[in-house]
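**Student:**
Numbering (this note's numbering), first residue to last: 111 to 267.
1. With a 10 Å radius around its C-beta and 16 neighbouring C-beta atoms as the bar for buried, classify residue 111 as buried or exposed.
2. Indicate the three-state DSSP secondary structure (helix, strand or coil) for residue 254 in the structure shown.
3. For residue 223 and residue 258, what's the separation of their Cα atoms in angstroms?
4. Within the continuous alpha helix (DSSP H) that includes residue 153, where are the two ends?
5. State the DSSP-derived secondary structure class of residue 175, mapped to helix, strand or coil.
6. If you reduce the DSSP assignment to three classes, tell me which class residue 183 lands in.
7. If you draw a straight line from the alpha carbon of residue 205 to that of residue 252, how long is it in whole angstroms?
8. Give me the residue from 214, 180 and 241 with the minimum Cα distance to residue 250.
9. DSSP beta-bridge partners for residue 97?
10. Are the CB atoms of residue 178 and residue 149 nearer to each other than 9 Å?
11. For residue 164, which residues of its own chain have a beta-carbon under 8 Å away from its beta-carbon, when the five flanking residues on both sides are left out?
12. For residue 153 and residue 160, I'd like the C-alpha separation in whole angstroms.
13. Looking at residue 246 and residue 183, is the spacing between their C-beta atoms short of 9 Å?
14. Short of 6 Å in beta carbon distance, which residues of its chain neighbour residue 237, apart from the five on each side in sequence? Order them along the chain.
Shown next, in the form of structure tokens:
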């Protein structure tokens, strides 16, 4: 059995295979299940996501990806994120799918969580963009060294 099927968390080896070059805004696709699914492909206006067949995994063509984030809200598996490594010298922005209510607000401080749901630091919401399919895309500023770990936020009450 694949470890991620038991835990719901990708292994370090899987993550290394999926990691993009750390430059500018770029989509991170953490989809590892061969299932018939292609909404991200049709959502990308740049043609940066490709698939050989409907049951193949989507592949990113990094040089075509402008980091617009349209694919994030379209992914039913919540498996796509965009990271902007050039936000500042020590901070990055992570764009995440968000399906909880109430929505966080711009300027709100949040706990940032890793793939296992463990707190790994604090961030600040800089954008909240509702989408027609009800998956909101939030942008959170995080320490640059945590950008590849952050996969969700928890509102601080």
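For glycine and all other residues, C-beta sits at the position ideal for the given N, C-alpha and C. This one's a predicted model, so the numbers in the text were calculated from it and none came from an experiment.
**Tutor:** Put simply:
1. Only weak support exists for where residue 111 lies, its pLDDT of 41 falling under 50; the value from the coordinates is given anyway. Under a 10 Å Cβ-count criterion, residue 111 is classified as exposed, with fewer than 16 other Cβ atoms of the shown protein chains found around its own Cβ.
2. Helix.
3. Using only the alpha carbons, I get a separation of about 11 Å.
4. Taken as a continuous stretch (DSSP letters only), the alpha helix (DSSP H) holding residue 153 covers 149 to 153.
5. In the structure shown, the three-state DSSP call for residue 175 is coil.
6. DSSP places residue 183 in the helix class (H, G or I) of the three-state scheme.
7. Each residue's Cα considered, the two are about 11 Å apart.
8. For residue 250, the closest alpha carbon among the candidates 214, 180 and 241 is that of 214.
9. No information on residue 97 is available, as it lies outside the stretch 111 to 267 that the chain covers here.
10. With a cutoff of 9 Å on beta-carbon distance, residue 178 and residue 149 are scored as not near each other.
11. Here the set comprises 146, 147 and 148.
12. Here the alpha carbon of residue 153 sits roughly 11 Å from the alpha carbon of residue 160.
13. Yes. Within cutoff.
14. Listed in chain order, the non-local C-beta contacts of residue 237 below 6 Å within the same chain comprise 249, local neighbours out to five positions each way being set aside.
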